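Since the structure comes first, as structure tokens, the remarks are kept for the end.
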Amino acid sequence: MADLADTSFSGRALRRRTFLRVAGATAASSALVLAGCGNDDDDPTPGPDAGTGTLVLAANDTGILNLTYLLAQIQASLYQKVVTTPPSDFTAADTAAFVDMRDHEVIYREFYKSVLGTSVYDNGLITALEFNFTPYTLTTRKGAYEAARTLEDLAVGAYNGLGRRLANSSYLRLLLKITSVKARHAAFVRDQVEFNSFAGPDVITPTGNQAGLDTIKTPAEVAKLLAPLVPIVLVADNLMTL
Amino acid sequence: MDFLNLLARLADLDSTTAAPHLAAPRRAALGRLGQAGTALLPGLLLGALSQPATAGTLDTRTRLDVLLLVRQLAALGNELHSRALGLVAGYPALPLTATEKAGIQVIQQQEAQRVALFSQLITDGGATLPTTPRYDFTGSRNGTQTALYPDIQTNPATYLLVAQVLKDVAVRVYKSQVDFVRADAYLTETLLRSHSAEARHAAHLRTLRRQRGATVKSWISPDDAPVAAASPAIAKVYEGESSFTQTYNASGANGQGGALVSVPFDSTLPINVATPPLSAEAILRKVAEAFDEPADAIVATNIAALFTY
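Encoded structure:
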């Protein structure tokens, strides 16, 4: 009963194994490590826009906030893309909602950047990362809402998993202030894709001793789910030790 | 891990700057904190002995206090929605559409699941459950005073408004309660996952109200039509939600002590990205929307008291 929902045996095994690899590879820093030559052969997950960097998140609040910063960057970028080029079947209400959510995500992005100061992972990068949204169909209303749904649900799960890992309780209070707004976004966009799916069984555990509880994701799960969208290798395994 | 957290929290209490308004004697607070690593039952005894929180004192709630509160809120919501759906004898179903009913069933069932979960945690901890309260959602306390919402059992608009208020206040109060259970990672996660589920429910109820013509966003916004303050307790539910001030403390690893840093939303942060840019006032309204504010337990228990007799 008292097992943590996001700590499975396989998760622990993975954590040990990858921690050794990461610890050997880099200092525990959240800096984006740029490989000089961008040799695709060395890239474990080459993709159409695969970059040449690896982001290793540190096992501390800075690592956690860099992950929430990255999530906000991705979501702000997605909403901006839809607001700039709205699907032809978007209504005025759809646009207004996406503008609101875009503004909220920009506010989160700049908030995290401000808190992180020089510890922000992309400090010193000449151009910001460009995210790959080709897994989504942003040219239709349904596709835009489905993309929003995927990312908002992912963010809620990520935030629920990160909360207990934060050491600084003033950061946790801010994270919670944001979590519920993200959950409101998630419920809204889910209802737009399929009405009454705001708290569906794919996000709220339907049965068993966690019935009624919302989605939760480990940092490693979040990194894996974000991998197709980011032009870098994202390593969140250090956060699993928190 | 829990022991280290406990030490960290004891150290926090030793810092005079950490709790400038600490009114309770430190020894009492330490005694209460000592319960964090043990069964819930001693917490019950301490909880029963403790004085009601007064303004300006540091709230030092036990895990049991927190569980009883969230169970109370879930039970209150479960009863409200069950009555609206016609599941309680003597309360005919409200004239909601079939689509509205389907969503409210989801909310009601998840409330019932959380009542069961919190009840289990309370009894597993060795404490007993409180007796089931008597509810009157008109707010008349069984006809002993003027009803606040006389048509709540016949008018869907009134019911949905009260349902929204209960959800929004629950979301606010969950935030403040997490502080009291942080030494317990399992309970922290459970509260976080309940908190976001509550926010999903709140957003859906707001969407239903908007579909029926109310001026309300799915997230709490200064643009929402104000909720009529049928009582002082209702007025407290949205108090402070329009704040655009956010602060944090980066001085200590645990966020205690040292100076608060205020996030410069109103000056240097490049958050105004609309074309053309929003007015300074309008972008700060977006900042207020982007953060849901916490509220003390008393805000929710006062709301529960309106509907309990």
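Protein sequence lines correspond, in order, to chains A and B. Under numbering that gives the first Met the number 0, the first residue of the first sequence carries the number 0, and numbering increases by one thereafter. Under numbering that gives the first Met the number 0, the first residue of the second sequence carries the number 0, and numbering increases by one thereafter. Note that the Cβ used here is the ideal one computed from N, Cα and C, for glycine as well. Only a predicted model underlies this, so the values are computations on that prediction, with no experimental measurement involved.
Between residue 61/B and residue 114/A, what straight-line distance do the alpha-carbon atoms span, to the nearest angstrom? Taking the Cα positions, residue 61/B is about 31 Å away from residue 114/A.
Are the beta-carbon atoms of residue 130/A and residue 234/A separated by less than 8 Å? Going by C-beta atoms, residue 130/A is not nearer than 8 Å to residue 234/A.
Closer than 7 Å at the beta carbon, the chain B residues around residue 187/A: 202, 206, 217
Which same chain residues, not among the five before or five after residue 286/B, have their C-beta less than 6 Å away from its C-beta? 243, 264
Cβ of residue 109/A less than 8 Å from any chain B Cβ? yes
Does residue 231/A get closer than 8 Å to chain B when you measure Cβ to Cβ? no
Put residue 308/B into one of helix, strand or coil per three-state DSSP. In the three-state reduction of the DSSP assignment, residue 308/B falls in the coil class.
Examine chain A for any beta-carbon lying closer than 8 Å to the beta-carbon of residue 189/B, and answer yes or no. yes
Against residue 245/B, what residues of chain A qualify as contacts under a CB-to-CB distance less than 9 Å, listed in chain order? 110, 173, 176
Identify, in the order they occur along the chain, each residue of the same chain with its Cβ nearer than 6 Å to the Cβ of residue 158/B, setting aside the five sequence neighbours on each side. 83, 93, 151
Looking at the C-beta of residue 159/A, does it have a partner C-beta in chain B at a distance below 8 Å? yes
Contiguous alpha helix (DSSP H) assignments of at least 4 residues, all confined to the region 174 to 231 of chain A: 218 to 225
If we require 4 or more residues per run, which alpha helix (DSSP H) segments fall completely within the region 60 to 95 of chain A? 60 to 83
Would you kindly report the start and end of the unbroken beta strand (DSSP E) that includes residue 98/B? Where residue 98/B is concerned, there is no enclosing beta strand (DSSP E), although the alpha helix (DSSP H) it sits in stretches over 97 to 123.
According to DSSP, what are the bridge partners of residue 260/B? 247/B
Residue 72/B and residue 249/B closer than 8 Å at C-beta: no
Span of the beta strand (DSSP E) around residue 149/A: Segment 140 to 161 is the alpha helix (DSSP H) holding residue 149/A; no beta strand (DSSP E) there.
Which of the three DSSP states, helix, strand or coil, is assigned to residue 151/B? Coil at residue 151/B, not helix or strand.
Consider the Cβ of residue 123/A: report whether some Cβ of chain B lies at a distance smaller than 8 Å. no
Using 8 Å as the limit for Cβ to Cβ distance, is residue 63/B near chain A? For residue 63/B, the answer is no, since every Cβ of chain A falls outside 8 Å of its Cβ.
Provide the residue span of the beta strand (DSSP E) that contains residue 55/A, from first to last. 52 to 55
Leaving out the 5 sequence neighbours to the left and right, which residues in its chain are closer than 6 Å to residue 204/A when beta-carbon positions are compared? 210, 212
For residue 17/B, would you say it is in contact with chain A, using Cβ-to-Cβ distances shorter than 8 Å as the test? Low confidence applies here, because residue 17/B scores a pLDDT of 34, under 50, leaving its location unreliable; read the following figure in that light. Not an interface residue.
Other residues of its chain near residue 155/A: CB distance less than 8 Å, five sequence neighbours each side excluded: 178, 181, 182, 185, 202, 213, 214
is_contact[residue 291/B, chain A] using C-beta, thresh 8 Å: yes
Evaluate residue 202/B with the Cβ neighbour count: other Cβ atoms within 10 Å of its Cβ, from every protein chain shown; 16 or more gives buried, anything less gives exposed. Using a 10 angstroms sphere on the CB of residue 202/B, the tally of other CB atoms reaches 16 or more, which defines it as buried.
Cα-Cα separation between residue 110/A and residue 136/B, rounded to whole angstroms: 40 Å
What does the alpha-carbon distance come out to for the pair residue 306/B and residue 217/B? 25 Å
Between residue 289/B and residue 68/A, is the Cβ-Cβ spacing less than 8 Å? no
So who's on the other strand from residue 233/A, going by DSSP bridges? 54/A
For residue 171/A and residue 162/A, believed in contact at Cβ under 8 Å, the rounded distance: 6 Å
How far does the alpha helix (DSSP H) with residue 206/B in it reach, from first residue to last? First-last of the alpha helix (DSSP H) with residue 206/B: 184 to 210.
For residue 8/A, count neighbouring C-beta atoms within 10 Å of its own C-beta (all shown protein chains included) and say buried if the count is 16 or more, exposed if not. Note that residue 8/A scores 34 on pLDDT, short of 50, meaning its location in the model is unreliable; the coordinates nonetheless yield the value given after this. Label assigned to residue 8/A: exposed.
So which residues of chain A does residue 109/B contact, with C-beta pairs closer than 7 Å? 198, 203, 211
By the criterion of Cβ-Cβ separation under 8 Å, what are the contact partners of residue 235/B in chain A? Here the premise fails: no neighbours, minimum Cβ distance about 18 Å.
So residue 238/A packs on residue 77/A, CB below 8 Å; how close in whole Å? About 23 Å separates the two Cβ atoms, so there is no contact after all.
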